[in-house]
Amino acid sequence: MAGFFVFLCGISMTDKRFSTVSGIAGAGLGLRSGHYQHIFETNPSVPWFELLSDNYMGEGGLPIVRAEAIRDLYPITLHGVGMSLGSADALNVDYMARLKSLADRLEPTYVSDHIAWVSIDGQYTHDLLPLPYTLEAQKNIIDKISQAQDILGRTLLVENPSSYLMFNFSEMSEQEFVGGVLEQTGCQLLLDVNNLYVSAQNNSFSASEYLAALPKDRIKEIHLAGYENKGDYLFDTHGYTVRDPVWRLYQETLEMFGAIPTLIEWDTDVPDFDVLLGESKKAQMFLDEVA
Amino acid sequence: MNKGMSLLELQRLFYKTVFDSQSPENGEFYARIKTTVNLSGEQSVNIYKDSILGGLTDALFSIYPVCVKLVGEMFFKHMVADYLRRYPSNSPDLGDYGSEFSVYITDFEPVRELEYLADLVTLEWSWHRAFNAPDTLAAGICSIADLSTVAEVDQGSIHFVTTPSAILVRSIFPIHQIWQVNQEDYVGNGIVNLDDGAVCLVVWRNAAFGMRIDVLSEQEYEFLQAVTDGKSFSEIATLPCASDLSGILGRCMQTGLIAGFTLVK
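Protein chains in written order, with the numbering used here: chain E, 1 to 291; chain R, 1001 to 1265.
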C-alpha cells in the first residue's frame, strides 16, 4: 500500500493525567478550537472553560480527546443548542443519550441549553428560534426540561435567548414565562445579559424590570458577549467585545444577584486568545467589586 | 385580542416561511408577529431566516473547503442555496448535515462540466466522517492479537473488521491529487492530469489521530470492500485479490486498517 500523505494534527499525547477539576467560580471563557494549542502550551490562568457540547457529539476523534485534556486542567461546563426544548416535537432521545454519554465522560459542573426551539417535524434549523409566551408553550417546555433532567440525571441550566420578534398572541411576558419554567422544573437559569439587552432593545421592554422579576437564588451562571448594531435592530453575533450598555447591565445584575460565575462567549471572527482573556479579566473586576 | 395558534402550527409555519419564501401561508405567519417601531413582521422573520440559512451554508463551507476553492465562494453560496431547501437537516448534530451534497452536485447543471466534482465532494465528506469516527471497535470484536487463538478449521469463518474510521472511495478521476494541490500547505506546480485514470482510496484516521488518504491497488480495494461488505475469509479467498491475500492482509494489519475480527461459524 502506497502511503500517500499523512496529516498529524493532534496535541502531543502524554501519559500524564491530571485529576478532574470541578466547580466553577469567577470569569471563565468559551473554549474555541483555534485556541487549543495556545491553552495547552501556556496553561493560562482562566478559572473555567465552557465547551460547546454540539462540537463533541461525534463518536470519537481528536475533538473529544482535546476536550478531555482541557477537562483535566480546568473546571468545565457543557453548553448546547441541540435539545430543542421548546419544540412541539418529542424530545430527541438519541441526542439526549449521546449528550448524557458526553456529560458522563467529561463530568462538567453544569449542562445547559436554551429556552427556545430548534427543530420541528424532525427537521433542524440549528438556530435558536423564539417561542410564543403562552401557557401551552410553557407547559410544553416544562415537560421537555423535566424529561431531559430525568435522562441526564442532573439539574439543567436554561438560557434566555436573544430575540428579534415577539408574537402578538403571547399571554405573558418573557420573565413570567421563564419564572414559571424555573419554578415548575427545578432547573436553574443561565442568564445571558447580552441576550437580555439585545431582546429588550429589539422588543422594547425594560431589562431592569426583567431582572427584578427573576427568582434571586436560581441564577447559576451568566453569559456575556458582543452584539452588532444593525441600525434597525441589535444582532447577537458573539463577534465583538462586550458593549458598554451590556457591561452596565451586567453591573446592575451583579448588584442585584451577587457574584455569579460569568462566561465570555465569542463565536464569529474569533480573535487571539489574549483578547478573550482581557474580556474575562474585565468581568472579573466587576465580580470582585461585589464579592 | 389577536388570534393565536397552536405551538405546532406556529413552528411549522415558521419553518416553512424560512425555507419557502414563496409560500402563500407566509403572510399568515407575519400577521402573528408583534411589529416593532423599526421592523415589520416579515423583516423580523428575515433576521432568523438569514441566520439559519447562513449557519447551514457555513457548515457546508467548513466540510467542503476544496469544493469552495474550486468553484469560488460566491458560486458555492449560489450552489448550496437550493440544497438547503431540498435537503433539510434531520439531525441535531450539525456535523451530520451535507451527506447528500455529492448527489445534489451530480444533478446540478451549472457544474456538469466539472465531472470530477461530485467524487471530490464524496472524498471531502469521507474525510469529515473519518475525522469524527469512533475511536474503538464495537463490542464483541476480537483484537488482531487474538487471531493466533483461532483453530485452523475455523479460519475460513473469520470476518475481518476495518478500523471504524476507514471509508473507501473510488473515482475515474485522480481526485486525491486534486484534493492535495488545493491544500493550504501544498507546494508544487499544482498541475493535475485528469487523464491519469481511475483511483481507489481509503480515507481513515490512524491510532495517533493522524488523518490519511491512502492510495490502494485494485486488489487492496477489492479486499477492503469485501471486508466492509461482511464477507468471510473463505469468501474473500475466492476473489481475484486472493492471489496476494497474505501480502494485502499483512499490510492492512501492519498499518492498522484491519483492526479486528469476528468469528461467525
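Glycine is no exception: its CB is placed at the ideal position from the N, C-alpha and C atoms.
Next on the checklist: Would SER173 of chain E and TYR210 of chain E be called neighbours here (beta carbons separated by less than 9 Å)?
Outcome noted: Position 173 of the first sequence, counted from the start, is the residue given in the question as residue 173 of chain E. Position 210 of the first sequence, counted from the start, is the residue given in the question as residue 210 of chain E. Inclusion of SER173 of chain E and TYR210 of chain E in the CB contact set at 9 Å is warranted, their separation being smaller than that value.
Next on the checklist: Any beta carbon of chain E sitting closer than 9 Å to that of GLN1043 of chain R?
Outcome noted: By one-based count along the second sequence, residue 1043 of chain R stands at place 43. At least one chain E Cβ lies under 9 Å of GLN1043 of chain R.
Checklist entry - Does any C-beta atom of chain R lie closer than 9 Å to the C-beta of ARG71 of chain E? => result Translated into the one-based positions of the first sequence, residue 71 of chain E becomes position 71. Not an interface residue.
Checklist entry - Less than 9 Å separating the beta-carbons of VAL1080 of chain R and PHE1101 of chain R? => result If you number the second sequence from 1, residue 1080 of chain R lands on position 80. If you number the second sequence from 1, residue 1101 of chain R lands on position 101. Yes, Cβ-Cβ distance for VAL1080 of chain R and PHE1101 of chain R is below 9 Å.
Checklist entry - Thinking C-beta only, is SER112 of chain E closer than 9 Å to VAL158 of chain E? => result Position 158 of the first sequence, counted from the start, is the residue given in the question as residue 158 of chain E. Position 112 of the first sequence, counted from the start, is the residue given in the question as residue 112 of chain E. Yes.
Item to check | chain R contact for TRP117 of chain E (CB, 9 Å cutoff) | outcome: Position 117 of the first sequence, counting from 1, holds the residue named residue 117 of chain E. Judged by the 9 Å Cβ criterion, TRP117 of chain E is in contact with chain R.
Item to check | beta strand (DSSP E) segment containing HIS114 of chain E, residue limits | outcome: In the first sequence, the residue the question calls residue 114 of chain E occupies position 114. Taken as a continuous stretch (DSSP letters only), the beta strand (DSSP E) holding HIS114 of chain E covers 111-114.
Item to check | C-beta neighbour in chain R for ARG17 of chain E, strict 9 Å | outcome: Counting from 1 along the first sequence, the entry for residue 17 of chain E is found at position 17. For ARG17 of chain E, the predicted structure reports a pLDDT of 28, less than 50, and the residue's modelled location is therefore unreliable. A value from the coordinates is still provided. With 9 Å as the cut-off, ARG17 of chain E does not count as an interface residue toward chain R.
Item to check | Three-state class that DSSP yields for TYR74 of chain E in the structure shown | outcome: As a position in the first sequence, residue 74 of chain E is number 74, starting the count at 1. Here TYR74 of chain E sits in coil by DSSP.
Item to check | Local Cβ density within 10 Å of ASP1195 of chain R, reported as buried at 16 or more and exposed below that | outcome: The count along the second sequence starts at 1 and reaches residue 1195 of chain R at position 195. Looking at its Cβ environment, which holds fewer than 16 other Cβ atoms inside 10 Å, ASP1195 of chain R is exposed.
Item to check | Residue of R:PHE1173, R:GLY1004, R:TYR1097 and R:GLY1055 minimising C-alpha distance to ALA1031 of chain R | outcome: The sequence position of residue 1031 of chain R within the second sequence is 31, counting from 1. The residue with the shortest Cα to Cα distance from ALA1031 of chain R is R:GLY1004.
Checklist entry - So is ALA1118 of chain R in contact with chain E if we call contact Cβ pairs under 9 Å? => result In the second sequence, counting from the first residue as 1, residue 1118 of chain R sits at position 118. No, ALA1118 of chain R lies away from the interface with chain E (no Cβ there is under 9 Å from its Cβ).
Checklist entry - If you measure from the beta carbon of GLN1011 of chain R to each beta carbon in chain E, is any gap under 9 Å? => result For the purposes of this step, residue 1011 of chain R is taken as the residue at position 11 of the second sequence. So yes, GLN1011 of chain R belongs to the interface.
Checklist entry - In three-state DSSP terms, what is GLN1022 of chain R? => result Counting from 1 along the second sequence, the entry for residue 1022 of chain R is found at position 22. GLN1022 of chain R: coil per DSSP, three-state reduction.
Item to check | Interface flag, PHE1131 of chain R vs chain E, CB-CB below 9 Å | outcome: The residue you call residue 1131 of chain R lines up with position 131 of the second sequence. PHE1131 of chain R belongs to the set of residues whose beta carbon lies under 9 Å from a beta carbon in chain E.
Checklist entry - So, using beta-carbon positions, are LEU106 of chain E and ILE141 of chain E closer together than 9 Å? => result Here residue 106 of chain E refers to the residue found at position 106 of the first sequence. Here residue 141 of chain E refers to the residue found at position 141 of the first sequence. Cβ distance not < 9 Å, so LEU106 of chain E and ILE141 of chain E don't count as in contact.
Item to check | 8 Å contact criterion, which LEU50 of chain E and LEU263 of chain E should meet: CB distance rounded | outcome: Taking the first residue of the first sequence as 1, we reach residue 50 of chain E at position 50. Taking the first residue of the first sequence as 1, we reach residue 263 of chain E at position 263. Note that residue 50 of chain E is Glu in the sequence shown here, rather than Leu. About 5 Å; that satisfies the 8 Å criterion.
Next on the checklist: Distance check for ALA1259 of chain R and LEU224 of chain E, CA to CA, integer angstroms please.
Outcome noted: Reading the first sequence from its first residue, position 224 is the one you call residue 224 of chain E. Reading the second sequence from its first residue, position 259 is the one you call residue 1259 of chain R. In a straight line, the C-alpha of LEU224 of chain E is about 46 Å away from that of ALA1259 of chain R.
Checklist entry - Which whole runs of the beta strand (DSSP E) in the region 1098-1130 of chain R are 3 residues long or more, in chain order? => result none
Item to check | Alpha carbon of SER280 of chain E to alpha carbon of LEU1013 of chain R, nearest angstrom | outcome: Your numbering for residue 280 of chain E matches position 280 in the first sequence. Your numbering for residue 1013 of chain R matches position 13 in the second sequence. If you take the alpha carbons of SER280 of chain E and LEU1013 of chain R, they lie about 40 Å apart.
Checklist entry - Does DSSP classify GLU174 of chain E as helix, strand or coil? => result Indexing the first sequence from 1 puts residue 174 of chain E at position 174. If DSSP states are grouped into helix, strand and coil, GLU174 of chain E belongs with the helices.
Next on the checklist: Which of the three DSSP states is assigned to SER1062 of chain R in this structure?
Outcome noted: Here the question's residue 1062 of chain R lines up with position 62 in the second sequence. SER1062 of chain R falls in the helix class under three-state DSSP.
Checklist entry - Mind checking GLY231 of chain E: buried by the 16 CB within 10 Å criterion, or exposed? => result Here residue 231 of chain E corresponds to residue number 231 of the first sequence, with the count starting at 1. Exposed, because fewer than 16 other Cβ atoms sit within 10 Å of the Cβ of GLY231 of chain E.
Next on the checklist: Does chain E have any CB closer than 9 Å to the CB of GLY1098 of chain R?
Outcome noted: Within the second sequence, residue 1098 of chain R is the residue found at index 98, counting from 1. No, GLY1098 of chain R does not count as interfacial toward chain E.
Next on the checklist: Here's a check: name, in chain order, each residue in its chain whose Cβ is nearer than 7 Å to the Cβ of ASN55 of chain E, leaving out the five neighbours to either side.
Outcome noted: The residue given as residue 55 of chain E occupies position 55 in the first sequence. Excluding residues within five positions, the ones whose Cβ falls inside 7 Å are PRO63.
Checklist entry - Between GLY1098 of chain R and MET57 of chain E, which are expected to be in contact by the criterion C-beta below 8 Å, what is the C-beta distance as a whole number of angstroms? => result As a working mapping, residue 1098 of chain R is identified with position 98 in the second sequence. As a working mapping, residue 57 of chain E is identified with position 57 in the first sequence. No, GLY1098 of chain R and MET57 of chain E are not in contact; Cβ-Cβ is about 15 Å, not under 8 Å.
Checklist entry - Among all the DSSP beta bridges, which residues are the ones paired with GLY60 of chain E? => result Counted from its first residue, the first sequence places residue 60 of chain E at position 60. Answer is none; GLY60 of chain E lacks a bridge partner.
Checklist entry - Hey, quick one: how far does the alpha helix (DSSP H) through GLU265 of chain E stretch, first residue to last? => result As a working note, residue 265 of chain E is residue 265 in the first sequence. That residue, GLU265 of chain E, is in no alpha helix (DSSP H); it is neither H nor E in DSSP.
Next on the checklist: At the 9 Å Cβ level, is ASN140 of chain E part of the contact set with chain R, yes or no?
Outcome noted: Along the first sequence, one-based indexing puts residue 140 of chain E at 140. Closer than 9 Å to some Cβ of chain R, the Cβ of ASN140 of chain E qualifies, so yes.
Checklist entry - Helix or strand or just coil, what does DSSP make of TRP247 of chain E? => result Numbered from its first residue, the first sequence carries residue 247 of chain E at position 247. In the structure shown, TRP247 of chain E sits in a helix (DSSP, three-state: H, G or I).
Checklist entry - Do we get a CB-CB distance below 9 Å when we pair ASN1026 of chain R with the residues of chain E? => result By 1-based counting over the second sequence, the position of residue 1026 of chain R is 26. Output row for ASN1026 of chain R: interface = no.
Next on the checklist: Buried or exposed for GLN1183 of chain R, going by 16 or more other Cβ atoms inside 10 Å?
Outcome noted: The residue you call residue 1183 of chain R lines up with position 183 of the second sequence. Under this definition GLN1183 of chain R is an exposed residue.
Next on the checklist: With distance defined between alpha-carbon atoms, name the residue in R:LEU1201, R:LEU1245, R:VAL1203 and R:GLY1197 nearest to PHE1160 of chain R.
Outcome noted: By one-based count along the second sequence, residue 1160 of chain R stands at place 160. Selected option, being the one with the closest Cα: R:LEU1245.
Checklist entry - In terms of residues, what are the limits of the alpha helix (DSSP H) holding MET1074 of chain R? => result The residue given as residue 1074 of chain R occupies position 74 in the second sequence. 1073-1086 is the span of the alpha helix (DSSP H), which, as asked, contains MET1074 of chain R.
Item to check | Short CB-CB distance (under 9 Å) between THR14 of chain E and chain R | outcome: Taking the first sequence and counting its residues from 1, one reaches residue 14 of chain E at position 14. Low local confidence applies: a pLDDT of 31 at THR14 of chain E is under 50, so the model's placement there is unreliable, with the coordinate-based value given in what follows. Taking Cβ atoms only, chain R never reaches closer than 9 Å to THR14 of chain E, which makes this a no.
Checklist entry - With 16 other CB atoms within 10 Å as the buried threshold, where does LEU8 of chain E fall? => result Along the first sequence, read from residue 1 onward, the residue named residue 8 of chain E stands at position 8. Model confidence at LEU8 of chain E stands at a pLDDT of 33, short of 50, so the residue's coordinates are unreliable; what they give is reported in the following sentence. Label assigned to LEU8 of chain E: exposed.
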